[in-house]
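Peer 1: In my numbering, the protein residues as written are 1 to 55.
Please read through the structure below; I'll follow up with questions.
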């Protein structure tokens, strides 16, 4: 599965949230809830395809 890591900071650069998801709708909803209280967000998206080498 392809996961995206989302890092959310406010306009002052204060860390607010960080999470991984493979569901863009979930990420959009979660970021939207934060945006209600901090309208000027910066969201950084990076690949988060961690390998599980337990096979």
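C-beta: ideal position from N, C-alpha, C; glycine also.
For my contact list, residue 11 and residue 40 are in at a C-beta cut-off of 8 Å; report their separation, rounded to the angstrom.
Peer 2: The Cβ separation is near 4 Å, so the contact holds.
Peer 1: For the segment 26–53, which segments carrying the beta strand (DSSP E) assignment without a break, of at least 3 residues, lie completely within its bounds, in sequence order?
Peer 2: Runs found: 42–47.
Peer 1: CB residue 34 to CB residue 21, shorter than 8 Å?
Peer 2: Not a contact, by the Cβ cut-off of 8 Å.
Peer 1: Using only CA atoms, which one of 16, 48 and 24 lies nearest to residue 36?
Peer 2: When each option's Cα is compared against that of residue 36, the closest is 16.
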